[in-house]
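First up is the structure itself, then whatever we jot down about it.
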Amino acid sequence: MWPIDNGKGRKQQPNKSTILSRQEITAIESWISQIGIFQFYITAGQLVSTARKTLKFKYKMIGQGFNRVVYDLNNGYILKIALSEVGLISTANEAYIYNNCNEEVRKDLCPVKEHGTGWIIMKKVDTKVPFAIKEYRKLIQLELKFIRHGIIPIDLRIDNVGYNENDEMVVLDYGLFTMDLKNPVLRWFV
Ligand SMILES: Nc1ncnc2c1ncn2[C@@H]1O[C@H](COP(=O)(O)OP(=O)(O)OP(=O)(O)O)[C@@H](O)[C@H]1O
Ligand SMILES: [Mg+2]
């Protein structure tokens, strides 16, 4: 059922896209095949620049975390690409959670458009979160809502939320959320 290979013989996602070109998919596949090679002897900054040099994308990089690099596709969507094994798992996990969660909480997640091994395309959201108590209160309410719906919102913090077109807070990084105790995210950490 779990769509990630991770070198351990489980199934890969087919890398098909209606947005990315064949050349872009090939560049992503080439980068993903190198994950793990550099990780332990270069810095996070060097890892991002190695990924960017391999990918050679025309798109603007609009974000980076510890595990993914994020490009603006200029069509209302963003593309996240894994930089690490955790990034690979996070990407598959976001697609799984978005497609399998309760409808009530799906509207609190940044919508997933397409995904493959180590990459995911999501709606672009506004990431400028005002530094105000009100927003932190919304974040706590969101956290409680996920828990009520059987989702453990691991790593839910202000850097991982944004606002959709209706100005509602949505989670843009739910790669470490988990819906059950058999989830690979937990297996990864335990
Ligand atoms: N849907 C989106 N719309 C706009 N910007 C986004 C979106 N998703 C991610 N970003 C930007 O890219 C940054 C990194 O993305 P994300 O948090 O998913 O990466 P990560 O490597 O999983 O992060 P972490 O370091 O928290 O593990 C975000 O903090 C945000 O600024
Ligand atoms: Mg993040």
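Quick note, the sequence shown lines up with residues 0 to 189 if you use numbering that gives the first Met the number 0. Virtual Cβ for every residue (Gly too), placed ideally from N, Cα, C. What you are looking at is a predicted structure, and each value in this text was computed from that prediction instead of being measured.
Residues that residue i bridges to, as DSSP identifies them
i, result
"Met178", "BP columns for Met178 are empty, so no partner."
"Asp71", "Lys59, Ile77"
"Lys123", "Its beta-bridge partners do not exist; DSSP assigns none."
"His148", "Its beta-bridge partners do not exist; DSSP assigns none."
"Glu113", "Ile120"
"Leu108", "Val170"
Unbroken alpha helix (DSSP H) run spanning residue i, endpoints
i, result
"Val160", "Run containing Val160: none in the alpha helix (DSSP H); it sits in the beta strand (DSSP E), 160-162."
Residue i versus the options, residue with shortest Cα-Cα distance
i, options, result
"Asp179", "His148, Asn159, Leu72, Asn73", "His148"
"Tyr162", "Leu19, Pro152, Val128", "Val128"
"Ser83", "Glu93, Tyr76, Asn66", "Asn66"
"Lys123", "Ile153, Pro110, Asn98", "Pro110"
"Thr126", "Lys106, Asn101, Phe176, Glu164", "Glu164"
"Leu19", "Ile132, Phe130, Ile120", "Ile120"
Limits of the unbroken beta strand (DSSP E) element including residue i
i, result
"Val170", "168-170"
Neighbourhood of residue i by C-beta distance below 8 Å, restricted to the same chain and skipping five residues each side
i, result
"Asn159", "Val170, Leu171, Asp172, Tyr173"
"Thr17", "Glu113"
"Ile157", "Val128, Glu134, Tyr135, Leu138"
"Ala26", "Thr53, Leu54, Lys55, Phe56"
"Arg51", "Met60, Val68"
"Tyr58", "Tyr70, Asp71, Leu72, Asn73, Leu78"
"Cys100", "Leu108, His148, Ile150, Met178"
"Asn98", "Val111"
"Arg105", "Tyr97"
Residue i in three-state terms, based on DSSP
i, result
"Leu19", "coil"
"Thr42", "coil"
"Asn99", "helix"
"Asn14", "coil"
"Asn66", "coil"
"Leu141", "helix"
"Ala26", "helix"
"Ile153", "coil"
"Val128", "coil"
"Ile36", "coil"
"Asn92", "helix"
Same chain only: Cβ atoms within 7 Å of residue i, ignoring 5 sequence neighbours per side
i, result
"Lys137", "Met168"
Beta-carbon proximity list for residue i, same chain, < 6 Å, skipping 5 on both sides
i, result
"Gly75", "Lys123"
Any non-hydrogen atom of ligand 4 closer than 7 Å to residue i Cβ
i, result
"Asn14", "Looking for ligand 4 in the displayed structure turns up nothing; the ligands present are ligand 1 and ligand 2."
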